[in-house]
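A.B. asks: Let me begin by handing over the structure; questions about it come next.
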Amino acid sequence: MSTLQALVDAVALGSIYALVAVGIGLVFGVLRLINFAYGELITAGAYTLWVLRSLPAVVAILACFAVVVSLSLLLERVAFRPLRKATPATMLIATFAVSYLLQSIYLLVFGSLGNSVSTLAGLQQAVDLGGLRIRWITIVSLACGSLLLIGTAILLGRTSIGLHMRAAATDFQTARVLGVRANRVIAFAFLVSGVLAAAVSVLFTVQNSLVTPDLGVPITIFALVGVVVGGLDRLWTATLGGFAIGFAYSLLGDKLSGEARVYLPSLVFGLVIVVLLLRPGGLFAGQPRSVERV
Amino acid sequence: MRRLEPLVQYLGPATLIVAVAVAGSLTSHAREIEFRNALVNVAIVVAIYVFVGNAGVISFGHVSFVAVGAFLSGLLTIEAQSKQFVLPGLFGFLRETTIGDLPALALAALAGGLYAFLVGLPLMRLSGLPAGIATLAVLGITYNVLRNWEKIGPGPLTLSLVPETTTIWRAAAGALAVAATALLYQRSRAGRQLRATREDAGAAQASGIDVYRQRLVAFTLSGALAGFAGALLVHLLGSITTDQVYLSLTFLTLAMLVIGGVSSLWGAVVGALLVSGANSFLVDAENTVHVGFDLTLPDGTSLVILGALMAAVLILRPSGLTGGREFSLPRGRAKGR
């Protein structure tokens, strides 16, 4: 496997994690809420694809988007809206509880053994591009990732609801005083992050077809780690962080030899600790504030 | 009354712990293990509380110290002859040494404390979310290494043949000791300084409190207690895998702490006992329990109901069931914080 091929694969995994990072970062921006249950939205989408496996792929994918977006909005309304004034620790643990609840529902309904999703399995095939063998899914991941990221950027930068979201992310109280409708902006953030989660479920199940109840947990953890490493205060640094963690994971996994590969998570987590110690505000953020208020 | 305040604050948690132990000793042997498990959970949650509650900094890493205590104490108490066969890949001294269960508890506490100190040296410079993520990374590394390095443990296999020495009374004594340590610490000069940094780090620093140093002290103490609680856990179960001391235990114990009320010892104990009790009850109910009528839950629903209950409590009582206040007698004016 050539270095170039490894780089292409790394970019593809990085773009998937970048999407997860935007999904987490959007909600954090307006609510200051780290949504640990985000991965369970992705799992919900994957199970929808499995349930509708006998229908045409287009129908299954549309249903996947519908289910994930509805679940995202439902969670906001039922679980997170009552918690807006709670302490950060409580909010964090509450999203943990929601994640635990959803996982146990998946376990109850679908069992622990896992179900194989084959929607869009044709994308596993490779094309030959001047000596590089690239799977279609790599190309599709890259294309979807870039399109969705550009779409989100346009939404935030060029529309009035995007302006409201950015205002709310900068200073929620002031934005409300100036007429930004809090519930609408927050619901919209959950809607967009739901759309991104659904896209990730489709892309992810093509690469790893086995869907288990805890599918979303490692995705959330790695993306979250990436988001914090990149810098949570701004969406673009969070996105870059998510991309970096997927990129690093894929590239290091390619470079490590068989024996050492089992320690890949340790290596990535070790790098994360080093980055956090050197740049607590995030790898891509500006200078850290002089006084940190806890 | 003021002089009695620490005693009163200890009275509530201690009474609950003893009551659970007595109730456990009166039930059938099969059900007794649930009571012992609840008491070990109290020890783990209080250990986490010593850092998280007093410092106001979230830590996802404490189950690493539980894991270190559990695997060290488990490995060292298995008979040497069995280890030659079951775990031939271990380092020589781990393979050939066998110690009693009480020294093993002490050693587990020491190891947990040492590990926490080493981890805390760099990490306690962080606060807020970066601190949470860095401790999560520590948990990830601990799990990954324990699961793959067969010189220090069973790797992906189950560590079994561990002597089951955590009786109901020893579990209770362990929980009482951890709770007493926690109370003594939070009422000490160091504990009060740390609590001041929790309320306002900037102001505390301006009054001459070394935030880093106080956090490191609490992190080390809390790691030692967690290691001790891990040893209680392994000698309760008799066998353990790395998956049992990873994310789900981290989530459950943190949920217990927050459900009880994160900033008081009373909250930690109440949360641990209530969630453990609810969990045992729901699991039993899958095989029918009698509560005035026969209650039978469909298989697998206990987890769903527990998850929903925990989410509901957090949504309805965000500051925890105790509101983060210490135990006080009805008319006493003992101040919790």
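Chains as they are written, first to last, in this note's numbering: chain A, 332 to 625; chain B, 49 to 385.
Cβ coordinates follow ideal geometry from the N, Cα and C atoms, glycine included.
By the 7 Å beta-carbon criterion, what residues does the stretch 428–441 of chain A contribute toward chain B?
C.D. replies: Going along the stretch 428–441 of chain A in chain order, one finds A428, V429, Y431, L432, S435, I436, L438, L439 with a Cβ nearer than 7 Å to chain B.
A.B. asks: My output table needs one value for R466(A): the three-state DSSP class, helix, strand or coil.
C.D. replies: strand
A.B. asks: From what residue to what residue does the beta strand (DSSP E) around L174(B) run?
C.D. replies: No beta strand (DSSP E) holds L174(B); DSSP gives it neither H nor E.
A.B. asks: With H, G and I counted as helix, E and B as strand and the rest as coil, what does DSSP make of L344(A)?
C.D. replies: In the structure shown, L344(A) falls within a helical segment according to DSSP collapsed to helix, strand and coil.
A.B. asks: Going along the chain, which residues of its own chain have a beta-carbon closer than 6 Å to the beta-carbon of T450(A), five neighbours each way excluded?
C.D. replies: L380, A388, A391
A.B. asks: Excluding five sequence neighbours on each side, which residues of the same chain lie with their C-beta closer than 8 Å to the C-beta of V625(A)?
C.D. replies: In this prediction, V625(A) scores a pLDDT of 41, lower than 50, which makes its location untrustworthy; no coordinate-derived value is stated.
A.B. asks: Taking 9 Å as the cut-off, decide whether the C-beta atoms of L563(A) and G613(A) are in contact.
C.D. replies: yes
A.B. asks: Considering only the alpha carbon of each residue, which of L587(A), V556(A), R497(A) lies closest to G572(A)?
C.D. replies: Nearest option by C-alpha distance: V556(A).
A.B. asks: Is A425(A) close to chain B, meaning its C-beta is less than 9 Å from at least one C-beta of that chain?
C.D. replies: yes
A.B. asks: Going along the chain, which residues of the stretch 599–617 of chain A sit with their C-beta nearer than 7 Å to a C-beta in chain B?
C.D. replies: F600, G601, V603, I604, L607, L608, P611
A.B. asks: Go through its chain and collect everything with a Cβ distance to G201(B)'s Cβ below 6 Å, but skip five positions before and after it.
C.D. replies: F119, L194
A.B. asks: If we call anything under 9 Å between Cβ atoms a contact, is F441(B) one with A71(B)?
C.D. replies: For residue 441(B) there is no data in the structure shown, the boundaries of chain B being 49 and 385.
A.B. asks: Spell out whether any CB of chain A is found under 9 Å from the CB atom of R385(B).
C.D. replies: For R385(B), the predicted model reports a pLDDT of 45, less than 50, meaning its position is unreliable and no value from the coordinates is stated.
A.B. asks: Is the stretch 427–444 of chain A touching the stretch 540–548 of chain A in the sense that three or more CB pairs, one from each, lie closer than 8 Å?
C.D. replies: yes
A.B. asks: If we require 4 or more residues per run, which alpha helix (DSSP H) segments fall completely within the stretch 577–618 of chain A?
C.D. replies: 589–592, 595–609
A.B. asks: Does the pairing of the stretch 138–157 of chain B with the stretch 264–283 of chain B give three or more beta-carbon distances under 8 Å?
C.D. replies: Yes, they touch.
A.B. asks: Where does I65(B) sit, in a helix, a strand or coil, going by DSSP?
C.D. replies: helix
A.B. asks: Which of the residues in the stretch 476–487 of chain A, read from start to end, lie with their CB under 7 Å from any CB of chain B?
C.D. replies: If the cut-off is 7 Å between Cβ atoms, the stretch 476–487 of chain A has nothing near chain B.
A.B. asks: Just by C-beta distance, which residues in the stretch 349–360 of chain B are closer than 8 Å to chain A?
C.D. replies: Against chain A - using a Cβ distance shorter than 8 Å - the residues of the stretch 349–360 of chain B are T349, L351, V352, L354, G355, A356, M358, A359.
A.B. asks: So which residues on chain A does N192(B) lean against when the C-beta distance must stay under 7 Å?
C.D. replies: Y594, P596, S597
A.B. asks: At the 9 Å Cβ level, is R386(B) part of the contact set with chain A, yes or no?
C.D. replies: There is no way to answer for residue 386(B), as the model of chain B reaches only from 49 to 385.
A.B. asks: DSSP three-state call for A368(A): helix, strand or coil?
C.D. replies: coil
A.B. asks: Give the C-beta separation of A316(B) and L305(B) to the nearest angstrom, bearing in mind that I take them to be a contact with Cβ-Cβ under 8 Å.
C.D. replies: 6 Å
A.B. asks: Compare the C-beta of F267(B) with all C-beta atoms of chain A and state if any pair is closer than 9 Å.
C.D. replies: no
A.B. asks: Buried or exposed: where does P378(B) fall if 16 or more other Cβ atoms within 10 Å of its Cβ makes it buried?
C.D. replies: exposed
A.B. asks: Could you say if the stretch 417–434 of chain A and the stretch 345–364 of chain B meet the contact criterion of at least three C-beta pairs nearer than 8 Å?
C.D. replies: yes
A.B. asks: So V210(B) and G286(B) are in contact, right, with Cβ under 8 Å, and what is the actual spacing, rounded?
C.D. replies: 5 Å
A.B. asks: Could you tell me which uninterrupted alpha helix (DSSP H) segments, each at least 4 residues in length, are contained entirely in the stretch 116–145 of chain B, listed from first to last along the chain?
C.D. replies: 128–134, 140–144
A.B. asks: Give me, in chain order, the residues of the same chain whose beta-carbon lies closer than 8 Å to that of Q456(A); leave out the 5 immediate sequence neighbours on both sides.
C.D. replies: R466, W467
A.B. asks: Using the beta-carbon count (16 or more within 10 Å), is R246(B) buried or exposed?
C.D. replies: Around the beta-carbon of R246(B), 16 or more other beta-carbon atoms lie within 10 Å, marking it buried.
A.B. asks: Just to confirm before moving on: does the CB-CB distance between I147(B) and V134(B) stay below 9 Å?
C.D. replies: Cβ distance not < 9 Å, so I147(B) and V134(B) don't count as in contact.
A.B. asks: Counting only beta-carbon separations shorter than 9 Å, does V358(A) have a partner in chain B?
C.D. replies: It does not: the Cβ of V358(A) has no partner Cβ on chain B nearer than 9 Å.
A.B. asks: Do V88(B) and T214(B) have their CB atoms nearer than 9 Å?
C.D. replies: Taking a C-beta distance under 9 Å as the contact criterion, V88(B) and T214(B) qualify as a contact pair.
A.B. asks: Tell me the rounded alpha-carbon separation between V68(B) and L174(B).
C.D. replies: 38 Å
A.B. asks: Find the residues of chain B that neighbour A528(A), judging by a C-beta separation of less than 7 Å, and give them in chain order.
C.D. replies: Chain B residues near A528(A): none, gap ~19 Å exceeds 7 Å.
A.B. asks: With a threshold of 9 Å between beta-carbons, can L563(A) be considered close to chain B, or not?
C.D. replies: yes
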